[in-house]
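*Asks:* Sharing a structure with you now.
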Amino acid sequence: MARGNKVISIGFNGYPHGISDKDDPREIKYAKTIHAEVNAVLHAKQDLSGCSLYVTPLPPCPRCAAVIIQSGISRVYVKAIDGDALNRWYKDFQLSGSMMKEAGIETYSEIVPCR
């Protein structure tokens with residue numbers, strides 16, 4: 047995440063502090079994981095109005111889009127994706143994109159459905 051040319055925060059996918067990921071099946075890992083977008087907001091510890099968020103390799107999910115909207119981030123840059131991930135989560139990506147658009151967040155990406 048950046049404000050102008052200054053890095054404000056970074057994020058990563060991971061479990062909350064003190065929670066072990068040992069031997070959890072994939073479905074449980076997905077449920078326990080805090081996404082990078084949320085971690086970036088939490089680690090910033092400051093007003094994020096006017097900031098830009100750079101997200102890779104996947105666009106924000108609807109839960110992350112809600113956090114992005116609430117945090118005051120103004121722009122979201124997403125790497126274009128295709129293939130299996132796009133097919134698997136296409137409806138989620140569409141929903142999060144429409145949420146951010148409705149909230150007035152500028153989004154920059156090239157998401158194209160697979161054929």
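Start counting the sequence shown at 47; every next residue gets the next number (the working numbering).
Where is the CB? At the ideal position from N, CA and C, for every residue including glycine.
Remember, it's a predicted structure, so these values are computed and weren't measured experimentally.
Roughly how many angstroms separate the alpha carbons of N51 and I115, rounded to a whole number?
*Replies:* Whole-angstrom Cα-Cα distance: 21 Å.
*Asks:* Starting from the C-beta of N59, find all residues in its chain whose C-beta is less than 8 Å away, skip the five residues before and the five after it, and write them out in chain order.
*Replies:* T79, I80, H81, A82, N85
*Asks:* Tell me whether L151 sits in a helix, a strand or coil according to DSSP, three-state version.
*Replies:* Going by the sequence as given, residue 151 is Ile instead of Leu. Looking at I151 - three-state DSSP - the assignment turns out to be coil, as it is neither helix nor strand.
*Asks:* Out of S117, H89, V122, which one is the CA nearest neighbour of T102?
*Replies:* It is V122 whose Cα lies nearest to the Cα of T102.
*Asks:* Give me, in chain order, the residues of the same chain whose beta-carbon lies closer than 8 Å to that of S98; leave out the 5 immediate sequence neighbours on both sides.
*Replies:* M47, A48, R49, I119, S120, R121, V122, Y123
*Asks:* Which residue from C110, K125, I65 puts its Cα closest to that of L88?
*Replies:* C110
*Asks:* By DSSP, does S66 sit in helix, in strand, or in coil?
*Replies:* Reduced to three states, the DSSP call for S66 is coil.
*Asks:* Between the Cα of S117 and the Cα atoms of K125, A131, D93, P106, which residue gives the shortest distance?
*Replies:* D93
*Asks:* Taking the alpha-carbon of K147 as reference, which of D67, S66, A112 has the nearest alpha-carbon?
*Replies:* Residue A112 is the option with its Cα nearest to K147.
*Asks:* Can you check DSSP and say which residues form a bridge with S142?
*Replies:* Residue pairing by DSSP places S142 in no beta bridge whatsoever.
*Asks:* Ignore the nearest five residues each way along the sequence and tell me which others in P108's own chain have a CB closer than 7 Å to its CB.
*Replies:* D138, L141, S142, M145
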